[in-house]
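Notes follow once the structure below has been shown.
In this note's numbering, the protein residues as written are 48 to 279.
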């Protein structure tokens, strides 16, 4: 679900003051940094599916969140994920018509989009390029990785002081040994560097169902999810 505004009022300075719910269970980030964090794979997928359904609501309204990350996922009293911080949200589809447009968008993403969850097309913004809601799909791929393995695939790059932009654009991702390859395939598909080949949210939701079914059936003979669900 998406965070609801309970009340709002306009201040004398032409700004708006909003009353938002308090979620005492805290954020996904606070859960992930616990030393002995562990979440069952089925629970990870259940929460992730709910997060994706909330993002679908935004995308269906032609908006993108632009800053999906563990710190922006809270949990309500029913242990359901709630997406917060819509201050980064924007019209999903943007055509960059000029150098000025490119610089304006770059300034916005540098201010509002967390670097280790940022899609590659937001690092080098070209004139005549088209940015759409699939920037959120990239962030969701990083989020699912973090839910499974505690950190974004690019957090360690950032912590070492290396270039996150180069790491993201390279498209190289490593996974822990003995991890679930079917889930890893879903992450790989979401982290497709060419955003025109990256799936939309409806395809991601279909893929989650396939992953869940594969876990329920405990099938042998792994097949690549990128081939069975999403074909370019």
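Backbone N, C-alpha and C fix where the C-beta goes; we use that ideal spot for every residue, glycine too.
Being a predicted model, the structure only gives us computed values, none of them experimental.
If you draw a straight line from the C-alpha of residue 76 to the C-alpha of residue 115, how long is it? If I take the Cα positions, the gap works out to 12 Å.
Cα-Cα, which of 255, 233, 256 is closest to residue 245? Comparing Cα-Cα distances from residue 245 to each of 255, 233, 256, the minimum goes to 233.
Could you have a look at residue 274 and say whether DSSP puts it in helix, strand or coil? At residue 274, the pLDDT of 43 sits below 50, so the modelled position is not reliable and the matter cannot be decided from this model.
By a C-beta neighbour count over all protein chains shown, 10 Å radius and 16 as the cutoff for buried, is residue 275 buried or exposed? Caution is warranted here: a pLDDT of 45 is assigned to residue 275, below 50, making its placement in the model unreliable, and the coordinate value is therefore given only provisionally. Of the residues assessed, residue 275 falls on the exposed side of the cut-off, its CB having fewer than 16 other CB atoms within 10 angstroms.
Suppose contacts are defined by Cβ-Cβ distances below 8 Å. Is residue 152 in contact with residue 143 by that definition? Against a cut-off of 8 Å, the Cβ pair of residue 143 and residue 152 comes out as a contact.
Under the three-state reduction of DSSP, which class applies to residue 222: helix, strand or coil? Looking at residue 222 - three-state DSSP - the assignment turns out to be coil, as it is neither helix nor strand.
Express the C-alpha separation of residue 178 and residue 169 in angstroms, rounding to a whole number. Between residue 169 and residue 178, the alpha-carbon positions lie close to 8 Å from each other.
Using a Cβ-Cβ cut-off of 8 Å, state whether residue 256 counts as contacting chain D. Here chain D cannot be found, since the structure has a single protein chain.
Do you know offhand how far residue 102's Cα is from residue 130's? Distance between the alpha carbons of residue 102 and residue 130: 8 Å.
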